[in-house]
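J.: Residue numbers (the working numbering): 50 to 334. In this text, a Cβ means the ideal position worked out from N, Cα and C, and glycines have one as well. Keep in mind that this is a model prediction, so the values were computed, not measured.
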């Protein structure tokens, strides 16, 4: 029997990309999942994939944060956004009310903004930094604080999804990189504080992943496709390919699985296909 059979997982930002891939893997391993997203149609696609992976309908709590037609498309609705404190409270309470407990919180939701893309840090208003913190850091803190009383009962885990942008110069989206760096420090501080409660906290920091990250930030599909084409052809990825959402999802499951990773506390796990190994001076080395 899988370690996750019967365990309850919240995955934020699970209507696509890494969140979707992770939710499907948890469902495949017998977990009960709360999936969230800003679009009911794409969230329904995630639900269908979870069902196809083996989950029962009653093992999925589908929580929409936005939909023009949510009443007919979403069987379990909580309308809001992860940046909204009232919504995050409902997200945790609805999960515990439906499933009776909480074992794992995956803080995956986050992103950048097309308005700030390709503008250097000296040209961006400081207010844009506030937006990145509101989207990438504060929801993690709020949700984690709300989840801790429940995770303490189950000796559960928190897995945050950050980025290798936290480690180095990220000129196209500098405030995103700064926010992810702050998130890594939040992970470390949370891990140190919660270990004595039996709650493990770790982070996975992906490199290039084949998702709709750029589209979600406001880019056109054409711009997104070109971005991934350029990435795939880049010699700076030693693996020779862009990661898939499932690649990151497998690491998240590993970090959430106490039987496999109990000794890992406060780790920032780089998952980039070797990008961080390469030097800009010698990209072909």
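(1) Counting C-beta neighbours from all protein chains within 10 Å, is the total for residue 286 16 or more, i.e. buried, or is it exposed?
(2) Indicate the three-state DSSP secondary structure (helix, strand or coil) for residue 96 in the structure shown.
(3) Which residue's Cα is closest to the Cα of residue 381: 154, 201, 187, 230?
(4) DSSP on residue 312, reduced to helix/strand/coil?
(5) Going by alpha carbons, who is nearest to residue 82 out of 65, 234, 111, 204?
(6) Judging by CA-CA distance, which residue of 318, 320, 302 is the nearest neighbour of residue 75?
(7) By the 10 Å Cβ neighbour count, where 16 or more other Cβ atoms means buried, how is residue 93 classified, buried or exposed?
(8) For my contact list, residue 61 and residue 157 are in at a C-beta cut-off of 8 Å; report their separation, rounded to the angstrom.
(9) In terms of residue numbering, what span does the alpha helix (DSSP H) encompassing residue 335 cover?
(10) To test your reading of the DSSP string, which unbroken beta strand (DSSP E) runs of 3 or more residues are found completely within the stretch 139-227?
(11) What number of angstroms, rounded off, separates the C-alpha of residue 299 from the C-alpha of residue 177?
(12) How far does the alpha helix (DSSP H) with residue 245 in it extend, from its first residue to its last?
(13) Please confirm whether residue 58 has its beta-carbon closer than 7 Å to some beta-carbon of chain C.
(14) Let me check understanding here. Comparing Cα to Cα, which of 260, 225, 147 lies closest to residue 179?
(15) Do residue 58 and residue 80 count as a contact pair if the criterion is CB distance below 7 Å?
(16) Quick check on this structure: which residue in 138, 55, 247, 219 has the alpha carbon closest to the alpha carbon of residue 104?
(17) Quick one: Cα of residue 307 to Cα of residue 293, how far?
(18) Can you tell me where the alpha helix (DSSP H) holding residue 294 begins and where it ends?
(19) Taking 7 Å as the threshold (C-beta atoms), are residue 251 and residue 304 in contact?
(20) What residue from 136, 160, 149 has the CA that sits closest to residue 66's CA?
(21) Going by CA-CA distance only, name the one from 217, 234, 200, 212 that's closest to residue 145.
(22) Could you compute how far the alpha carbon of residue 190 sits from the alpha carbon of residue 229?
(23) In the DSSP assignment, what are the bridge partners of residue 317?
(24) In whole angstroms, what is the alpha-carbon distance linking residue 64 and residue 170?
T.: Taking the structure as given:
(1) Here residue 286 refers to the residue found at position 237 of the chain shown. Per the 10 Å Cβ criterion, buried.
(2) Position 47 of the chain shown, counting from 1, holds the residue named residue 96. Three-state DSSP puts residue 96 in a helix.
(3) With the chain represented from 50 up to 334, any question about residue 381 goes unanswered, as that position is not in the structure.
(4) As a first step, residue 312 is located in the chain shown; it is residue number 263 there, counting from the start. DSSP places residue 312 in coil when its eight states are reduced to three.
(5) Position 33 of the chain shown, counted from the first residue, corresponds to residue 82. If we check each option's Cα against that of residue 82, 111 comes out closest.
(6) To locate residue 75, count along the chain shown from 1; it is residue 26. The residue with the shortest Cα to Cα distance from residue 75 is 302.
(7) Position 44 of the chain shown, counted from the first residue, corresponds to residue 93. Buried.
(8) Here residue 61 refers to the residue found at position 12 when the chain shown is read from its first residue. Here residue 157 refers to the residue found at position 108 when the chain shown is read from its first residue. Going by Cβ atoms, the distance from residue 61 to residue 157 rounds to 5 Å, so yes, they are a contact pair.
(9) Limits of the chain in this structure are 50 at one end and 334 at the other, which puts residue 335 out of reach.
(10) 153-156, 206-210
(11) Taking the first residue of the chain shown as position 1, residue 299 is located at position 250. Taking the first residue of the chain shown as position 1, residue 177 is located at position 128. Their backbone Cα atoms lie some 33 Å apart in a straight line.
(12) Counted from its first residue, the chain shown places residue 245 at position 196. Where residue 245 is concerned, there is no enclosing alpha helix (DSSP H), given that its DSSP letter is neither H nor E.
(13) The chain inventory of the structure shown lacks chain C, comprising one protein chain alone.
(14) Along the chain shown, one-based indexing puts residue 179 at 130. Minimum Cα distance to residue 179 is reached at 225.
(15) For the purposes of this step, residue 80 is taken as the residue at position 31 of the chain shown. For the purposes of this step, residue 58 is taken as the residue at position 9 of the chain shown. Contact: yes.
(16) Along the chain shown, read from residue 1 onward, the residue named residue 104 stands at position 55. That would be 55, whose Cα lies nearest to the Cα of residue 104.
(17) By 1-based counting over the chain shown, the position of residue 307 is 258. By 1-based counting over the chain shown, the position of residue 293 is 244. Approximately 24 Å between the Cα atoms of the pair.
(18) On the chain shown, position 245 is the one that residue 294 refers to. 294-305 is the extent of the alpha helix (DSSP H) around residue 294.
(19) Within the chain shown, the letter at position 255 stands for residue 304. Within the chain shown, the letter at position 202 stands for residue 251. It is a contact, given that the beta carbons lie within the stated cut-off.
(20) Taking the first residue of the chain shown as 1, we reach residue 66 at position 17. Per the Cα distances, 160.
(21) Here residue 145 refers to the residue found at position 96 of the chain shown. Of 217, 234, 200, 212, the residue nearest in Cα terms is 200.
(22) Position 141 of the chain shown holds residue 190. Position 180 of the chain shown holds residue 229. In a straight line, the C-alpha of residue 190 is about 13 Å away from that of residue 229.
(23) By 1-based counting over the chain shown, the position of residue 317 is 268. Looking at the DSSP assignment, residue 317 forms a beta bridge with 252.
(24) Position 15 of the chain shown holds residue 64. Position 121 of the chain shown holds residue 170. Each residue's Cα considered, the two are about 30 Å apart.
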